[in-house]
Every structure is written in structure tokens, then in C-alpha cells.
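Undergrad: Sequence lines, in order, name chains E and B. Position one of the first sequence corresponds to residue 1 (the working numbering), numbered consecutively onward. Position one of the second sequence corresponds to residue 1001 (the working numbering), numbered consecutively onward. Glycine included, C-beta positions come from ideal geometry on N, C-alpha and C.
There are 2 protein chains.
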Amino acid sequence: MSTIEKALTLLEHFSSNRPEIGLTEFKKRTSIDKGTLHRHLTALKNSGFLEQNYLTKAYRLGPAVIRLAAVRENTVPIVKTVKYYVDRIANDIHELVHAALPQKNGMSAIYAKDGGNHKVRVNFDEAEILPFHATSSGLALLAFHDDTFVGKILSKKLVSFTDSTPTNAIDIQANLETIRACGFAFTDQSYEDEVSSVAVPFFGVKGDAIGTLAIAIPVSRINETFHETMITKLITASTELCRDLGGQIPTNVAKAWATKLEV
Amino acid sequence: MSTIEKALTLLEHFSSNRPEIGLTEFKKRTSIDKGTLHRHLTALKNSGFLEQNYLTKAYRLGPAVIRLAAVRENTVPIVKTVKYYVDRIANDIHELVHAALPQKNGMSAIYAKDGGNHKVRVNFDEAEILPFHATSSGLALLAFHDDTFVGKILSKKLVSFTDSTPTNAIDIQANLETIRACGFAFTDQSYEDEVSSVAVPFFGVKGDAIGTLAIAIPVSRINETFHETMITKLITASTELCRDLGGQIPTNVAKAWATKLEV
DNA sequence: TCCACCGGTTCATTATTTGAACCAAAGTCT
DNA sequence: AGACTTTGGTTCAAATAATGAACCGGTGGA
């Protein structure tokens, strides 16, 4: 791993929950030498990717990322495009809907909308990293991503979040096979207790999965017909989204989705 | 300069105008060796900061920046806060208003709104880098930034964009002195022909300039009273913005602004 | 006053970065 | 068709930058 990658990996530690991280805390989280860490953090600071809380000396993300995101969104307006469909589904089914993109170690939600007026609702932290193996978003993406990537992810230690988190690579591989066949992923309390979720991938120009649309829902509100409704809504939205983005739905997925919609 | 900083500098070359850059084009723009460039670009790609157009092999910004910007905006909601004031001024004076943050080599607009219904309007490219020495935004920021930073900027070669672009460091230093005294910056066709602009800084917790609010306007529509109106609107907005962000307006600026508002 | 903890720095050792030359593929001109 | 150009990408010895154990100085308790 190059120095550049090592340094950029540090940025992954920031999230809405953990917006500021000090030198010592970084050391605990990474087991990189303090000297090295300091030099990397300083480099990131000099480049505008980090800035320091001048009182606590803790680091937080800097203004450079704002500009880059604006350029990216100007180039490939995924967030804007995805927003329309997430909102539509959320308003339709009154549950928490989100869209996520893959990062190195998991999916990152780029937009979420809770269409619910329920008292019990799924708590959702935007910009958190959702682990690939424990979430429907993650599995839906892996199922349609290249094998080397999947292999890399599944060869790492698979953290257990609940009693139902799948941690056996072989089981997961089998599940991915199922997901490939039916075109969507379903998980039951594998990341958070009492929460189930359904996800479908959406595809880029090469027919590769570039992101996911997903619904998270308290297990108490799931039943057979609602399950079907969610899947139908997701499939329809993803189909339109792929068209908007100029993406290509792989033929076998298109077929699986078509049969699902017919029923 | 560390390897990390060198690599991150590459990201500055992307803008809305130039969303994709190939290896050879990078080489032309940077005079860095092709081998090195390729390794850096690959590292950025591996980290999700870049992705490649699979047909042309050109690089463009990747999905990692979206997540980071979301976290940053969650941590320090500058864009959201600034939007309110930019919109307000734009609707008031019917001209192009924007807010910008400093990057390494210039200001980067984070939000812009054209409140105008004129036929002649200023063309504005969001996420473009506005050079410090040639724009009112840039000068307004430099005037209230630390001297070492200013020195570093002014010691570089100052590119000329129009016949009126100031390229003499001493003249600019003198101008900064004036800006410090009156609390705002004014430029006349120094970056684009036929366009004038006015800018005020806004301040962070330490009383340091962290960004600017600015108005760009075709020279044909400028007159004495409108000039004053613009400055008043900007000063009022920046004062409120600093309050929202928990920023501290340096006492001499506060004084200058107060006298300006009284008139 | 002492001690622990914080961010930050130093410098000899070590490992990575660098870049000139090279390769392969795709396009372009004759 | 064949030569030439331009593209992205790779190689490996030489040059340079990254590394990390030990150290520094300030701060906030006990």
C-alpha cells in the first residue's frame, strides 16, 4: 500500500458520529506510529482535506472536500438523480429509504429519506459506513461486483454486529448467488436488532453495480405482501435510475426483475 | 512537499470545465514524470478519490469525495448556512452572488445564485478556482489572512487574465492595506472583461477570514449608489453569518463596517 | 509537586518513491 | 498495408522520502 493510500485511509475514520479525531485517538484506532500519523495528518491539513480545532487540536474534515464533491456532482450527478427516486419510494411506502455508494470498506449512504409517520422508526446515520457483509445494501452490491473485490472483502475478518450477522464467507458467497438469481438482497437483523432491510443494485455503463437503493424497516411491520411491494418499488425505481444515469442492467438481472414485476 | 501533498495537488486540476483528465494531459499540466503520475493517480483511484472512464481511460473524481463532503457539511454546515444569505442578497439586488472558501491556490465557490433577470449576465462556473490576486473574493480573503500565507501567494507568478489584472506584488500589498481599512474588496475587470465585483470576508472563531461573500456584476450596471447598496448588503449578511457560525469579527473590521453602515 | 497524558519533533535507519527507458495497443497519415 | 504518432501503462536501479523509537514541552488533574 502506498503512502498516499495509507494517508487517505485516515479520512475513512471520520463520520457524522465521529467528526473530530485527535492524534492519540488516531493512534488507538490505527496502530500507526504517532510520528508517521502526525506527518500524514499535517499533509492532509496542508492540502485542505483536514483542519484543526484550534482549541482541542483535534482534526476534522477540511474545506477541500466541499469543492471536490461539487465538481463530482457536476460531472456525475448521482446524488441529484438518486434523490428523486428515494423520495418517491419513501413517500409511497412511508418507510426509511436510502441510496448508497460503495467505498473501500462498505457502503456509504449518499441520500436518505424517512417517509414514515410511525412511532417506531429506524434510526439512520448518514455518511456512516455500512459494512458489506452485514447489510442488504452491501450484499446487493457485492453480488454484482467483480469477484476479486468480493474475495478481498470476504477474506477480511467479518465483524459480528448482532446474533444474526453472517460471518462465514462461504455462507455469504452462497447468499450472493441467490441475490444474483433474484436481483435483490434481503437481510433480517443482520446489522441492527429489530431492523430488516431490502436492497437492489443500480448499474453503470459497463453493467457493473455502482450503487444501491434500499429500504430499512422494523421487523414488526414486515409481512409477505409488504415485502413484495417494497421489492417492486425498488426494482421499478432502479430500472428508471439506470436509464437516467446511462447505466446498463445486465440481461440476467433484467430478466429476474421482469418476472418479479409480472407476478 | 510530501508525496501525499503532491498526489492531492493533482485533484485541484479537476473542475466543472475540466471534469476528466487523461494521463498525458496531466503530464502536460504538471510536468511530473509519467510513471510517477500514473502511480499517484492509481493510488487516488484505489482510495476512491478518482475513477476512470473505462472507454477513454481518463480520470475523473470518484465517489469517496461525496461521503467526505457529507460528513464535513454535517460537522460544519457552512454551505447550508451561507446559502440563506447568498439567496437573500441575490433576491434583493438581482445580481450574481456567491460565497467562496479558500483552497490552496485560490477561492472556490461553494454556492452561487443569480438573482438577475437581466439579459446581460455574468457567466459563473461553480467549483472553478478563482485566483487570489485577480478577484475581489481572493483579495478580501488575503487581506484578513495571515501574512505568511499572503507572502507565499504573492511570491508565485501572478497570471494576467485581462489588461487590468494586477500582477505586481507591491501594488497588491498596498491594495490589501486599503481593503483591511475599509473591510471590503472591489475589483474592476481584473479577472474577466466587463465584470466588476465586490467582496467581504467572513470570519471564524479566531477572527481569521474563513471565506467570502461576493457580488459579480457587469460594469455597465455599476453606479455610485448601487455600489454602496451592494457593500451594505454584503456587510450586513456577513455580520449575521459570522454570528451563525460562531465567528468573531476583528474589532477594526467591525468598526470599519459600522461606519460604512451608518452612512 | 508529581505524574500522566496530550500534541508535536528529531534523526539515524529503512523502505518507498522516482523517472528514463521501454512496452503494447489504438489511431492516423502516406 | 506499413510506418508513424499518440495513448495508457510498466520496469528497475538510483535517489529520496517515509518511518518510528526516543524525546520535548505544555496542560490538567491527584
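So what does residue 7 of chain E bridge to, in DSSP terms?
TA: Along the first sequence, one-based indexing puts residue 7 of chain E at 7. Partner(s): none; residue 7 of chain E has no beta bridge.
Undergrad: Does the distance from the CB of residue 1241 of chain B to the CB of residue 1203 of chain B come in under 7 Å?
TA: Counted from its first residue, the second sequence places residue 1241 of chain B at position 241. Counted from its first residue, the second sequence places residue 1203 of chain B at position 203. Cβ atoms of residue 1241 of chain B and residue 1203 of chain B: not closer than 7 Å.
Undergrad: Using a Cβ-Cβ cutoff of less than 6 Å, which residues in the same chain neighbour residue 185 of chain E once the five nearest sequence positions on both sides are dropped?
TA: For the purposes of this step, residue 185 of chain E is identified with residue 185 of the first sequence, where counting begins at 1. Answer for residue 185 of chain E: 136, 139, 140, 179 and 199, listed in chain order.
Undergrad: Please state whether DSSP places residue 119 of chain E in a helix, a strand or coil.
TA: Sequence index remark: in the first sequence, residue 119 of chain E carries index 119 (1-based). Reduced to three states, the DSSP call for residue 119 of chain E is coil.
Undergrad: With a CB to CB cut of under 7 Å and the five nearest residues on each side skipped, what residues in its chain are close to residue 230 of chain E?
TA: Mapped onto the first sequence, residue 230 of chain E falls at position 230. Taken in chain order, the residues that qualify are 93, 198 and 215.
Undergrad: Does the distance from the CB of residue 61 of chain E to the CB of residue 1071 of chain B come in under 7 Å?
TA: Here residue 61 of chain E is taken as the residue at index 61 of the first sequence, counted from 1. Here residue 1071 of chain B is taken as the residue at index 71 of the second sequence, counted from 1. Their beta carbons are under 7 Å apart, which means residue 61 of chain E touches residue 1071 of chain B by this criterion.
Undergrad: Using a Cβ-Cβ cut-off of 8 Å (strictly less than) and excluding sequence neighbours within five positions of residue 1194 of chain B, which residues of its own chain qualify?
TA: Residue 1194 of chain B sits at position 194 when you count from the first residue of the second sequence. So the qualifying residues of the chain are 1218, 1219 and 1220.
Undergrad: In or out: residue 149 of chain E buried (at least 16 other Cβ within 10 Å) or exposed?
TA: Reading the first sequence from its first residue, position 149 is the one you call residue 149 of chain E. Flag for residue 149 of chain E reads exposed.
Undergrad: As a quick exercise: from E/76, E/210 and E/67, pick the residue whose alpha carbon is nearest that of residue 1073 of chain B.
TA: Numbered from 1 along the second sequence, position 73 holds the residue referred to as residue 1073 of chain B. The shortest Cα separation from residue 1073 of chain B among E/76, E/210 and E/67 belongs to E/67.
Undergrad: Run the CB neighbour count on residue 246 of chain E, radius 10 Å, all protein chains shown included, and call it buried at 16 or more, exposed below.
TA: Reading the first sequence from its first residue, position 246 is the one you call residue 246 of chain E. The residue is exposed, with fewer than 16 neighbouring Cβ atoms inside 10 Å.
Undergrad: Check for me: the alpha helix (DSSP H) holding residue 1188 of chain B runs from which residue to which?
TA: Position 188 of the second sequence, counted from the start, is the residue given in the question as residue 1188 of chain B. Where residue 1188 of chain B is concerned, there is no enclosing alpha helix (DSSP H), although the beta strand (DSSP E) it sits in stretches over 1185-1188.
Undergrad: Taking only the alpha-carbon atoms, compute the straight-line gap between residue 1058 of chain B and residue 1038 of chain B and give it to the nearest angstrom.
TA: The residue labelled residue 1058 of chain B in the question sits at position 58 within the second sequence. The residue labelled residue 1038 of chain B in the question sits at position 38 within the second sequence. So the two alpha carbons sit approximately 11 Å from each other.
Undergrad: Counting only the same chain and skipping the five closest in sequence on each side, list residues whose C-beta sits under 7 Å from that of residue 1100 of chain B.
TA: Walking along the second sequence from the start, residue 1100 of chain B turns up at place 100. Here the set comprises 1107, 1108, 1109, 1110, 1130, 1137, 1211, 1212 and 1214.
Undergrad: Could you compute how far the alpha carbon of residue 259 of chain E sits from the alpha carbon of residue 1025 of chain B?
TA: Numbered from 1 along the first sequence, position 259 holds the residue referred to as residue 259 of chain E. Numbered from 1 along the second sequence, position 25 holds the residue referred to as residue 1025 of chain B. Taking the straight line joining both Cα atoms gives about 47 Å.
Undergrad: So, helix, strand or coil for residue 1113 of chain B, using DSSP?
TA: The residue given as residue 1113 of chain B occupies position 113 in the second sequence. In this structure, residue 1113 of chain B counts as strand in the three-state DSSP scheme.
Undergrad: Does DSSP put residue 1099 of chain B in a helix, in a strand, or in coil?
TA: Indexing the second sequence from 1 puts residue 1099 of chain B at position 99. If DSSP states are grouped into helix, strand and coil, residue 1099 of chain B belongs with the strands.
Undergrad: If I follow the unbroken beta strand (DSSP E) through residue 200 of chain E, where does it start and stop?
TA: Stepping through the first sequence from its first residue, residue 200 of chain E is reached at position 200. Here the beta strand (DSSP E) through residue 200 of chain E covers 195-203.
Undergrad: I want to verify the contact list: residues of chain B whose CB lies under 8 Å from the CB of residue 47 of chain E, in sequence order.
TA: For this step, residue 47 of chain E is matched to residue 47 along the first sequence. Going along chain B in sequence order, the residues near residue 47 of chain E (Cβ under 8 Å) are 1004, 1005, 1008, 1009 and 1104.
Undergrad: Note down, in chain order, all residues in the region 1058-1069 of chain B with a beta-carbon under 9 Å from any beta-carbon belonging to chain E.
TA: Against chain E - using a Cβ distance shorter than 9 Å - the residues of the region 1058-1069 of chain B are 1060, 1061, 1062, 1063, 1064, 1065, 1066, 1067, 1068 and 1069.
Undergrad: Please list, in chain order, the chain B residues whose beta carbon lies closer than 7 Å to that of residue 137 of chain E.
TA: As a working mapping, residue 137 of chain E is identified with position 137 in the first sequence. Here the premise fails: no neighbours, minimum Cβ distance about 14 Å.
Undergrad: Using a cut-off of 9 Å between C-beta atoms, extract the partners of residue 1074 of chain B located in chain E.
TA: On the second sequence, position 74 is the one that residue 1074 of chain B refers to. Here the neighbours are 15, 16, 19, 126 and 127.
Undergrad: Identify every residue that forms a DSSP beta bridge with residue 234 of chain E.
TA: One-based indexing of the first sequence puts residue 234 of chain E at position 234. Partner(s): none; residue 234 of chain E has no beta bridge.
Undergrad: Based on Cα-Cα distance, which residue from B/1096, B/1143 and B/1104 lies nearest to residue 985 of chain B?
TA: No answer is possible for residue 985 of chain B: the residues shown for chain B start at 1001 and end at 1263.
Undergrad: Out of curiosity, what's the CA-to-CA distance linking residue 1250 of chain B and residue 1087 of chain B?
TA: To locate residue 1250 of chain B, count along the second sequence from 1; it is residue 250. To locate residue 1087 of chain B, count along the second sequence from 1; it is residue 87. Near 25 Å, if we compare the C-alpha coordinates of residue 1087 of chain B and residue 1250 of chain B.
Undergrad: In angstroms, rounded to a whole number, what distance separates the CA positions of residue 3 of chain E and residue 10 of chain E?
TA: Here residue 3 of chain E refers to the residue found at position 3 of the first sequence. Here residue 10 of chain E refers to the residue found at position 10 of the first sequence. The alpha-carbon atoms of residue 3 of chain E and residue 10 of chain E are separated by roughly 11 Å.
Undergrad: Show which residues of chain B have a CB atom less than 7 Å away from the CB atom of residue 34 of chain E.
TA: On the first sequence, residue 34 of chain E is found 34 positions in, with the first residue counted as 1. Within chain B, no residue comes near residue 34 of chain E; the closest Cβ sits about 17 Å away, beyond 7 Å.
Undergrad: Determine the direct distance from the alpha carbon of residue 89 of chain E to that of residue 234 of chain E, and round the result to whole angstroms.
TA: Residue numbering aside, residue 234 of chain E sits at position 234 when the first sequence is read from its first letter. Residue numbering aside, residue 89 of chain E sits at position 89 when the first sequence is read from its first letter. If you take the alpha carbons of residue 234 of chain E and residue 89 of chain E, they lie about 8 Å apart.
Undergrad: Could you check what DSSP says for residue 211 of chain E in three-state terms: helix, strand or coil?
TA: As a first step, residue 211 of chain E must be located in the first sequence, where it is residue number 211. Residue 211 of chain E falls in the strand class under three-state DSSP.
Undergrad: Establish whether the CB of residue 1108 of chain B and some CB of chain E are separated by less than 7 Å.
TA: For the purposes of this step, residue 1108 of chain B is taken as residue 108 along the second sequence, with counting starting at 1. Residue 1108 of chain B counts as touching chain E.
Undergrad: Going by C-alpha to C-alpha distance, which of B/1115, B/1056, B/1053 and B/1064 sits closest to residue 1083 of chain B?
TA: Taking the first residue of the second sequence as 1, we reach residue 1083 of chain B at position 83. With distances taken between Cα atoms, residue 1083 of chain B lies closest to B/1115.
Undergrad: Beta-carbon of residue 206 of chain E versus every beta-carbon of chain B: anything under 7 Å?
TA: Within the first sequence, residue 206 of chain E is the residue found at index 206, counting from 1. Output row for residue 206 of chain E: interface = yes.
Undergrad: For residue 59 of chain E, which of helix, strand or coil comes out of DSSP?
TA: Looking up residue 59 of chain E in the first sequence gives position 59. Strand, per DSSP.
Undergrad: If you run the structure through DSSP and keep just helix, strand and coil, what is residue 50 of chain E?
TA: Position 50 of the first sequence, counting from 1, holds the residue named residue 50 of chain E. Here residue 50 of chain E sits in strand by DSSP.
Undergrad: Quick one: using the 10 Å Cβ neighbour count with 16 as the cut-off for buried, is residue 132 of chain E buried or exposed?
TA: For the purposes of this step, residue 132 of chain E is taken as residue 132 along the first sequence, with counting starting at 1. Classification of residue 132 of chain E: buried, given that the 10 Å Cβ count is 16 or more.
Undergrad: Which chain E residues are close to residue 1086 of chain B, counting only those with a beta carbon under 7 Å from its beta carbon?
TA: Reading the second sequence from its first residue, position 86 is the one you call residue 1086 of chain B. Chain E residues near residue 1086 of chain B: none, gap ~14 Å exceeds 7 Å.
Undergrad: Below 7 Å between beta carbons: does that hold for residue 76 of chain E and residue 1069 of chain B?
TA: Here residue 76 of chain E refers to the residue found at position 76 when the first sequence is read from its first residue. Here residue 1069 of chain B refers to the residue found at position 69 when the second sequence is read from its first residue. No, Cβ-Cβ distance for residue 76 of chain E and residue 1069 of chain B is not below 7 Å.
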